[in-house]
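> Handing you this structure, nothing more for now.
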Amino acid sequence: MPATIWKRHPRYSIVLFVILIATSFILILSGSIDNPDSSLYHRPHHNPSATIMSLNDDIEQRLERSEKYYNKALKDRKALLDRFGPRPEDVVTFPDHDKPYTICTFRVAHDISIIIAMPSRLFALSLGTRTHSVTFSRPSFLFGRNFFPAAFNCPYEVRHLGTLADGGKWVCGLSRMEREPDCVVYSFGISGDSTFESELLQNTDHCKIWGYDFSVGGFADDIPKSERWRTNFQPYGLAGKDSAPSADPKMYSLQSLMDMNGHDHIDLLKIDIEGWEFEALEELIKPYLVSGKPLPFAQLQLEMHVLDMRFVKFLGWWQMLETAGLRPFWTEPNLVYIDYTRATPSLTEYSFINIKGDNVLTRPTKPRHAHDAVYV
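See below:
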């Protein structure tokens, strides 16, 4: 009988045969997936210890590689300083319009162009054919992008939190903070925008934020009511030293505030305090340099208000940050300030990672408490 069917309907028989083979293969494969110990599809047993060891090796290699690149940037800085100094005292923070690496302000009758003046070169970019008066700000080519580039690589993902305008910040490794059981965030300079703090809370499970700003009465309405319990606010200012008890507004050093709150670490430190950052960070960092202990925070989101600060002074301050273990992984000028004031980009955002000590970004194995470890 089967032979008769084959002879009468050969095409039908071939299709039926293919269907039977395919069905058998699917059933075998399905059973193998359900049973990891099957011989066809064997998936080795997951070993958390092996995974942790691999992560340890990986994070150490990534940090070492980034440090190697950063040391190259330090050599390049010295070479640039020799070229435009050679002493730091000889370098102008924001050169005049007629100096190298500046954008000129000019009036043109037939063609609107941006003229970029560089040593022995002149470039023009045509923008149109109507008569206009064009004014551009002087970018910090020498100051920011060349002398102090964000030459370090965050070993994890880099993500922007908050508004894309003034107030948002670039964060390294938010995924490392998502389930950190005792995640601590300090935010200095709240003003009227809390979109950064709001997004940080909504993207983490346990992070709590301590906010400080004597110019406002609390966080803005950007933070949902459901997340307010994870915030703490005081109308204090950040300074290098504590003010007198009767002072108004009250000013405290970062270490004093950490002592008040009972904190021994900060996972993310955001500072935007209109120029006070230089004194505050200098007074904070110096004791750690003397003791050799690592800074108490894992990363720093900082807006620098350089304004009229001399290059040589800023260089010394910046090198202090580097000596303490801070490495910039992101930078951008405050374009809102530049556009509004038509001034130099003396307000610049920087994000740093702290490569020294045991913190959430240099410790890949597990959270601070072993019983809360989550293996991925």
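First residue of the sequence shown: 1357, per my numbering; consecutive thereafter.
Where is the CB? At the ideal position from N, CA and C, for every residue including glycine.
Remember, predicted model here, so these are calculated numbers, not experimental data.
Between I1579 and S1543, which are expected to be in contact by the criterion C-beta below 8 Å, what is the C-beta distance as a whole number of angstroms?
One-based indexing of the sequence shown puts residue 1579 at position 223. One-based indexing of the sequence shown puts residue 1543 at position 187. Going by Cβ atoms, the distance from I1579 to S1543 rounds to 11 Å, so no, they are not a contact pair.
> What are the boundary residues of the alpha helix (DSSP H) that S1554 is part of?
Against the sequence shown, residue 1554 aligns to sequence position 198. Here the alpha helix (DSSP H) through S1554 covers T1551 to Q1558.
> Let me know the secondary structure DSSP gives F1570 once reduced to three states.
Against the sequence shown, residue 1570 aligns to sequence position 214. If DSSP states are grouped into helix, strand and coil, F1570 belongs with coil.
> Could you give the DSSP three-state label for L1498: helix, strand or coil?
Translated into the one-based positions of the sequence shown, residue 1498 becomes position 142. Low confidence applies here, because L1498 scores a pLDDT of 44, under 50, leaving its location unreliable and the question unanswered by this model.
> For D1664, which three-state DSSP category applies?
By one-based count along the sequence shown, residue 1664 stands at place 308. DSSP places D1664 in coil when its eight states are reduced to three.
> Take A1506 as the anchor and find which of K1712, E1678 and R1586 has the nearest alpha-carbon.
Here the question's residue 1506 lines up with position 150 in the sequence shown. For the residues K1712, E1678 and R1586, the minimum Cα distance to A1506 belongs to E1678.
> Which same chain residues, not among the five before or five after K1606, have their C-beta less than 8 Å away from its C-beta?
Numbered from its first residue, the sequence shown carries residue 1606 at position 250. Closer than 8 Å at the Cβ level, and outside the excluded window around K1606, lie F1570, P1591, Y1592, G1593 and S1599.
> Might you give, ordered along the chain, the residues of its own chain that have their beta carbon closer than 7 Å to the beta carbon of N1617, omitting 5 neighbours on each side?
Along the sequence shown, one-based indexing puts residue 1617 at 261. Result list for N1617: W1566, in chain order.
> According to DSSP, what are the bridge partners of H1516?
What you label residue 1516 is simply residue 160 of the sequence shown in a count that begins at 1. In DSSP, H1516 forms a bridge with W1526.
> With burial defined as no fewer than 16 other Cβ atoms inside 10 Å of the residue's Cβ, what is the status of V1527: buried or exposed?
Here residue 1527 corresponds to residue number 171 of the sequence shown, with the count starting at 1. Per the 10 Å Cβ criterion, buried.
> Assuming G1523 and F1552 form a contact by the criterion Cβ under 8 Å, report the distance between their Cβ atoms to the nearest whole angstrom.
If you number the sequence shown from 1, residue 1523 lands on position 167. If you number the sequence shown from 1, residue 1552 lands on position 196. Yes, they are in contact, since the Cβ atoms of G1523 and F1552 sit about 6 Å apart, within 8 Å.
> By Cβ distance below 6 Å, which residues in the same chain neighbour G1713 in space, the five residues on each side in sequence not counted?
If you number the sequence shown from 1, residue 1713 lands on position 357. Annotation for G1713: P1650 place their beta carbon closer than 6 Å to its own, counting only its chain and skipping 5 residues before and after.
> Is there contact between the stretch 1533-1543 and the stretch 1618-1632, where contact requires at least three CB pairs shorter than 8 Å?
yes
> Can you give me the Cβ contacts of E1688 inside the same chain, cut-off strictly under 6 Å, excluding the 5 residues immediately before and after it?
For the purposes of this step, residue 1688 is identified with residue 332 of the sequence shown, where counting begins at 1. Answer for E1688: E1705, listed in chain order.
> Can you tell me the Cα-Cα spacing of V1572 and F1685, whole angstroms?
Translated into positions along the sequence shown, residue 1572 becomes position 216. Translated into positions along the sequence shown, residue 1685 becomes position 329. In a straight line, the C-alpha of V1572 is about 30 Å away from that of F1685.
> Quick one: using the 10 Å Cβ neighbour count with 16 as the cut-off for buried, is Q1675 buried or exposed?
Numbered from 1 along the sequence shown, position 319 holds the residue referred to as residue 1675. By the 10 Å Cβ count, Q1675 comes out exposed.
> In the DSSP assignment, find the alpha helix (DSSP H) that holds L1717 and state where it starts and stops.
As a first step, residue 1717 is located in the sequence shown; it is residue number 361 there, counting from the start. Here L1717 belongs to no alpha helix (DSSP H), and DSSP marks it neither H nor E.
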